[in-house]
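**Student:** Sharing a structure here in C-alpha cells format.
Numbering (this note's numbering), first residue to last: 2 to 227.
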C-alpha cells in the first residue's frame, strides 16, 4: 500500500515538474527578440535626408510605368500560351522593330507593352484561334539617365517614371566627400544634335532657394557632379 502511494506521488511530482519546465521555456521564447523577416528592407538615404530605397542592376524596376513607351535597344519578352516556338526574349532593333515567327517584322518602338500585346494578338488571330499573348519589358535600355563624377554609385539607371535631379543624386547613393555640390550640371542632347548644359546648385535647392533647378530628367540626360 505504501509503495503504491509513493509511486503515485512520484508520478504526480513529475507531471507538475514537466508542466513548470514547459511554462518556463514558453516564457523564455516569448521574451526573445524576433528576427527580422524577409520583408524587412534597408533603405539607402538619399542626398537630401529622406530615405530612398533603390534596387540597382534590376532589369525591370518595380515601379515600371504602365505607360512606358518601348524604344530601340529595349529587351522584350513575348509569350504566347501553348505556342512556345513563337515567343521568347528579343531586343528591339535600331529600326524599332522585332521579328516573330509567322508574323515577320512588327513595329514595337513607340508603343506601350499593352498596345504591342494587342497588335501581336490581332495579327496572330489569322493563324491561331484565340491567341493569348503577354508582352513584358525585360530590360529598359532606351530610356536611361546617367550620374557620373563624385557620387557613391556612378552609372546609368532606367528612367521608368518621373525622376528629378535630386532623385537621381539619391539613386546614385549621394555625394563623395569632396564633391563640388554647387557646381553640378546636367548635360542634355538637343533636337539639333548639340548639347545643352543646365547648372544645378545643390546647396541652393536644399536651402529652399531656386527650387526650379530641380528639373525633371529626360532620357539620355547626364548628371555631372564635379
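All C-beta atoms in this analysis are idealised placements derived from N, C-alpha and C, irrespective of residue type, glycine included.
1) Would you call the CB atoms of residue 114 and residue 136 closer than 9 Å?
2) Do you know offhand how far residue 134's Cα is from residue 70's?
3) Among 79, 130, 84 and 131, which one has its Cα closest to the Cα of residue 109?
4) CB-CB under 6 Å to residue 143, same chain, minus the five flanking residues each way: which ones, in chain order?
5) For residue 213, which of helix, strand or coil comes out of DSSP?
6) Roughly how many angstroms separate the alpha carbons of residue 200 and residue 220, rounded to a whole number?
7) Along the chain, where does the alpha helix (DSSP H) containing residue 114 start, and where does it finish?
8) Let me know the beta strand (DSSP E) ranges lying completely inside the segment 156-220, each 3 residues or longer, listed in chain order.
9) State the Cα-Cα distance for the pair residue 98 and residue 163, rounded to the nearest angstrom.
10) I need the straight-line Cα distance from residue 40 to residue 139, nearest angstrom please.
11) Compare the Cα-Cα distances from residue 208 to each of 182, 96 and 111 and report the closest residue.
12) Thinking residue 189 and residue 168 are a contact (beta carbons under 8 Å), I'd like their distance in whole angstroms, please.
13) Excluding the 5 residues preceding and the 5 following residue 153 in the sequence, name in chain order all residues of the same chain whose CB lies nearer than 7 Å to its CB.
14) Would residue 89 be called buried (16 or more neighbouring beta carbons within 10 Å of its own) or exposed?
**Tutor:** This is what the structure holds:
1) Yes, Cβ-Cβ distance for residue 114 and residue 136 is below 9 Å.
2) If you take the alpha carbons of residue 134 and residue 70, they lie about 18 Å apart.
3) Cα-wise, what sits closest to residue 109 is 79.
4) Within the same chain, residue 143 has close Cβ partners 72, 73, 74 and 75.
5) When DSSP states are grouped into helix, strand and coil, residue 213 belongs to the helix group.
6) About 18 Å.
7) Segment 114-125, the alpha helix (DSSP H) holding residue 114.
8) DSSP runs (the beta strand (DSSP E)) wholly in the segment 156-220: 156-159, 185-190 and 196-201.
9) Roughly 26 Å separates the two Cα atoms.
10) Note on residue 40: pLDDT 35, under 50, position unreliable in the model; no value is reported.
11) With distances taken between CA atoms, residue 208 lies nearest to 182 out of 182, 96 and 111.
12) With a Cβ gap of about 16 Å, residue 189 and residue 168 do not count as contacting.
13) Sequence-distant Cβ neighbours of residue 153 in its own chain, meaning closer than 7 Å and more than five residues away, are 173, 174, 175 and 177.
14) When all chains shown are included, residue 89 counts as exposed.
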